[in-house]
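Here the structure comes first, spelled out in structure tokens, and everything after it is commentary.
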Amino acid sequence: MYRRLKRYVDTIRETTDFVPRAAIVLGSGLGGYGERIQVEEEIPYSRLEGFPVSTVAGHQGRFLFGRVKGVPVVLMQGRVHYYEGYDMQEVVLPIRLMGMLGARTLLLTNAAGGINLDFEPGDLMMITDQISSFVPSPLRGTNIEELGTRFPDMSQVYDRALMEKLREAARRERVSLREGVYAQLSGPNYETPAEIRMLRALGADAVGMSTACEATAARHMGMEICGVSCITNMAAGILDRLLDHQEVQETADRVKDQFERLVTSFIGSLA
537 MYRRLKRYVD TIRETTDFVP RAAIVLGSGL GGYGERIQVE EEIPYSRLEG
587 FPVSTVAGHQ GRFLFGRVKG VPVVLMQGRV HYYEGYDMQE VVLPIRLMGM
637 LGARTLLLTN AAGGINLDFE PGDLMMITDQ ISSFVPSPLR GTNIEELGTR
687 FPDMSQVYDR ALMEKLREAA RRERVSLREG VYAQLSGPNY ETPAEIRMLR
737 ALGADAVGMS TACEATAARH MGMEICGVSC ITNMAAGILD RLLDHQEVQE
787 TADRVKDQFE RLVTSFIGSL A
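Residue numbers (the working numbering): 537 to 807.
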């Protein structure tokens, strides 16, 4: 895996010597953010032989290298998910690659179902901690010593200093920002009401099908991590209606302006 990652780094370096300060994973609601930054180079995943490609509509499948308020960033426009059939090491491969390209800060974004009864669709939630016990660890198998230790500490996955910067960005932009614990389940089916009651009992405030595994891999590498969930719907059993992906997309589209302003302000504070 490490040799493969090095090969991808070499392929990208044939096109650009751009070194990002931060990496951003664009989840639902931020897919168009790449058109709003100063792009210097674009690398489609298809240019990297054997690279995992998303099968989900709306995930474009490319890295964008550019600047946000002068800060050099790499954007992952189209993530892959465990439910698409990829092994977990394939799912986190793009995160590891962005880290090897130089990114030391990682901002993870996603669409999530609200478990906390105080939440409403359209809320933005800063991730303060995570529950990843329901999906395989991306660190399972032979440890990649070049990336990190065999048994990495996970007592502070989400960096406290970055969380404070995100709070400050929310205040500057007058964006309401909730805080809570994110739980990742495998998907692609939505959770049952009983599963949501279980997750609430465990302390989860939101649930989704990505992000926690990516944060684990990034923490293994020593990256500083921050995360934001867009609460696109209330989870199963909370409201008396069925869940569907159209509601997720509609809510994400409705709040994308404040989502984008929050991200831009936060990245600008890294300068």
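By construction, the Cβ of each residue, glycine as well, lies at the ideal position given by its N, Cα and C atoms.
Does the segment 733 to 743 come within contact of the segment 679 to 686, defined as at least 3 CB pairs closer than 8 Å? no
Are the beta-carbon atoms belonging to residue 857 and residue 795 less than 8 Å from one another? Nothing about residue 857 can be reported from this structure: the residues present for the chain run from 537 to 807 only.
With DSSP as the reference, please indicate the residues paired to residue 642 in a beta bridge. Taking the sequence shown and counting its residues from 1, one reaches residue 642 at position 106. 559 and 761, per the DSSP bridge assignment.
Considering Cα atoms alone, identify which of 623, 695, 599 and 702 is closest to residue 754. Against the sequence shown, residue 754 aligns to sequence position 218. Minimum Cα distance to residue 754 is reached at 695.
Whole-angstrom C-beta distance between residue 803 and residue 609, which should lie under 8 Å: In the sequence shown, the residue the question calls residue 609 occupies position 73. In the sequence shown, the residue the question calls residue 803 occupies position 267. With 8 Å as the limit, residue 609 and residue 803 qualify as a contact, their Cβ atoms being about 6 Å apart.
Rounded to the nearest angstrom, what separates residue 806 and residue 574 at their Cα positions? As a working mapping, residue 806 is identified with position 270 in the sequence shown. As a working mapping, residue 574 is identified with position 38 in the sequence shown. Roughly 17 Å between the two C-alpha positions.
Can you tell me the Cα-Cα spacing of residue 752 and residue 556, whole angstroms? Here residue 752 refers to the residue found at position 216 when the sequence shown is read from its first residue. Here residue 556 refers to the residue found at position 20 when the sequence shown is read from its first residue. Computed Cα separation, rounded: 20 Å.
Cβ neighbours of residue 659 in the same chain (closer than 6 Å, five flanking residues each side left out): The residue given as residue 659 occupies position 123 in the sequence shown. Taken in chain order, the residues that qualify are 714 and 767.
Here's a check: name, in chain order, each residue in its chain whose Cβ is nearer than 6 Å to the Cβ of residue 723, leaving out the five neighbours to either side. In the sequence shown, counting from the first residue as 1, residue 723 sits at position 187. Excluding sequence neighbours, residue 723 sits near 619 and 745.
Tell me which same chain residues have a C-beta within less than 6 Å of the C-beta of residue 596, skipping the five on either side of it? Position 60 of the sequence shown holds residue 596. Excluding sequence neighbours, residue 596 sits near 613 and 614.
Same chain, Cβ closer than 8 Å to residue 798, neighbours up to 5 away in sequence not counted: Looking up residue 798 in the sequence shown gives position 262. Once the five neighbours on either side are set aside, the close Cβ partners of residue 798 are 660, 702, 705, 706, 709, 711, 713 and 764.
According to DSSP, what are the bridge partners of residue 718? Taking the first residue of the sequence shown as 1, we reach residue 718 at position 182. In the DSSP output, where bridge partners are listed per residue, residue 718 has 666 and 742.
Out of 743, 750 and 788, point me to the one whose CA is closest to residue 771's CA. The count along the sequence shown starts at 1 and reaches residue 771 at position 235. The candidate whose alpha carbon is nearest that of residue 771 is 743.
Specify the secondary structure class of residue 607 as computed by DSSP and reduced to three states. Reading the sequence shown from its first residue, position 71 is the one you call residue 607. Note: residue 607 maps to strand in three-state DSSP.
Alpha carbon to alpha carbon, how far is residue 627 from residue 617? Give it in angstroms, no decimals. Position 81 of the sequence shown holds residue 617. Position 91 of the sequence shown holds residue 627. Cα-Cα distance, rounded: 6 Å.
Based on the DSSP output, what are the partners of residue 649 in its beta bridges? Within the sequence shown, the letter at position 113 stands for residue 649. Paired residue(s): 743 and 769.
When you compare each of 700, 548 and 716 to residue 663 by their alpha carbons, which one comes out closest? If you number the sequence shown from 1, residue 663 lands on position 127. When only C-alpha atoms are compared, the closest one is 716.
Distance CB(residue 564)-CB(residue 788) smaller than 8 Å: Here the question's residue 564 lines up with position 28 in the sequence shown. Here the question's residue 788 lines up with position 252 in the sequence shown. Yes.
Classify residue 581 as buried or exposed, calling it buried when 16 or more other Cβ atoms lie within 10 Å of its own Cβ. Residue 581 sits at position 45 when you count from the first residue of the sequence shown. The residue is buried, with at least 16 neighbouring Cβ atoms inside 10 Å.
In the DSSP assignment, the alpha helix (DSSP H) including residue 625 goes from what residue to what residue? Locating residue 625 in the sequence shown gives position 89, counting from the first residue. That run of the alpha helix (DSSP H) goes 624 to 636.
CA nearest to the CA of residue 601, picked from 558, 568 and 587: As a working mapping, residue 601 is identified with position 65 in the sequence shown. Of the candidates 558, 568 and 587, the one whose C-alpha sits nearest the C-alpha of residue 601 is 558.
Excluding sequence positions up to five away, which residues of its chain have a Cβ less than 6 Å from the Cβ of residue 801? As a working note, residue 801 is residue 265 in the sequence shown. The answer, listed in chain order, is 705, 708 and 709.
Nearest by alpha-carbon distance to residue 549: which of 570, 599, 571 and 537 is it? By one-based count along the sequence shown, residue 549 stands at place 13. Here the closest residue by C-alpha is 599.
Hey, could you find the ends of the beta strand (DSSP E) residue 576 is sitting in? Translated into the one-based positions of the sequence shown, residue 576 becomes position 40. Per DSSP, residue 576 belongs to the beta strand (DSSP E) from 574 to 580.
According to DSSP, simplified to helix, strand and coil, what is residue 661? Position 125 of the sequence shown, counted from the start, is the residue given in the question as residue 661. Strand at residue 661.
According to DSSP, is residue 599 part of a helix, a strand, or is it coil? By 1-based counting over the sequence shown, the position of residue 599 is 63. Correct three-state label for residue 599: strand.
Can you pull the DSSP bridge partners for residue 612? To locate residue 612, count along the sequence shown from 1; it is residue 76. Note: residue 612 sits in a beta bridge opposite 561 and 599.
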